[in-house]
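If you want the working numbering, it's the 1-based position in the sequence shown plus 17.
One structure below.
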Amino acid sequence: MNYAEQHLLRWLQDRPLINIRLLERESGVPEGTIQHSINERRALPAKHFEGISKILCEYGFKPLSAE
C-alpha cells in the first residue's frame, strides 16, 4: 500500500458518514472494493484510485500532491 492510498483510506475512515457503497457505484468501482481496502483485507487497485479521488475532492479530500 503506497502513501497516497493510505492517505485516501485514512481520510475515509475519519469520515464515517460518507456512504462507501454509493462512492463505489459513482466511481465505477466493484462493490466491496473500497470497504475491503479500509478493513485492510486487500489493496485498493491503482486503476480505481484516480476515479475515487476525483469524486472525494468534491467532499473536501485533497490528494497528497495538492497538500
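Backbone N, C-alpha and C fix where the C-beta goes; we use that ideal spot for every residue, glycine too.
Reference residue i; option with closest CA among the options
i: Gln-52; options: Asn-19, Arg-42 and Ile-37; result: Ile-37
i: Gln-23; options: Leu-39, Ile-72 and Ser-54; result: Ser-54
i: Ala-63; options: Val-46, Phe-78 and Asn-56; result: Val-46
Residue i burial status per 10 Å Cβ neighbour count (16 or more: buried)
i: Leu-25; result: buried
i: Glu-41; result: buried
i: Leu-61; result: buried
i: Ser-82; result: exposed
Terminal residues of the alpha helix (DSSP H) in which residue i lies
i: Leu-61; result: Per DSSP, Leu-61 belongs to no alpha helix (DSSP H) and is neither H nor E.
i: Arg-27; result: 20-30
Residue-chain proximity (residue i, chain C), Cβ-Cβ < 9 Å
i: Phe-66; result: The structure shown contains no chain C, having only a single protein chain.
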